[in-house]
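Below: the structure, in structure tokens.
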Amino acid sequence: MNKDRYTYALIYVDDNAIAVPNKWCIENIRNDLKKVCTLKELGEATQFLGFQIERSISTRKIFFSQHKYTEAILRRFGY
Numbered sequence: 002m003n004k005d006r007y008t009y010a011l012i013y014v015d016d017n018a019i020a021v022p023n024k025w026c027i028e029n030i031r032n033d034l035k036k037v038c039t040l041k042e043l044g045e046a047t048q049f050l051g052f053q054i055e056r057s058i059s060t061r062k063i064f065f066s067q068h069k070y071t072e073a074i075l076r077r078f079g080y
């Protein structure tokens, strides 16, 4: 792998998400993980641990928000 490229793994108990620079990397990681555990692949993530995830392919950026959580808290306290 190119030294200027990174792989990010978000892991919390039995939830995980992986961000990689290209599809080749994800295939390698997926194949390695399948050797040691059972995976349930759910496709591209739209939320993770209460965060909403939006991806812009054109700008190559990922946005995280807690908009739904914020609205729920505001409703809970009458705002």
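Residues 2 to 80, numbered by the numbering used here, are exactly what the sequence shown covers, in order. Beta carbons: idealized from backbone N, C-alpha and C, even for Gly.
* Asked: Alpha carbon to alpha carbon, how far is N32 from A46?
  -> 19 Å
* Same chain, Cβ closer than 7 Å to L50, five either side skipped, listed in chain order -> Y13 and D16
* Helix, strand or coil for N17 per DSSP? -> strand
* **Residue interval of the alpha helix (DSSP H) (run including R6)** => Looking at the DSSP string, R6 is not in any alpha helix (DSSP H), and its letter there is neither H nor E.
* To do: State the Cα-Cα distance for the pair I19 and L43, rounded to the nearest angstrom.
  => 12 Å
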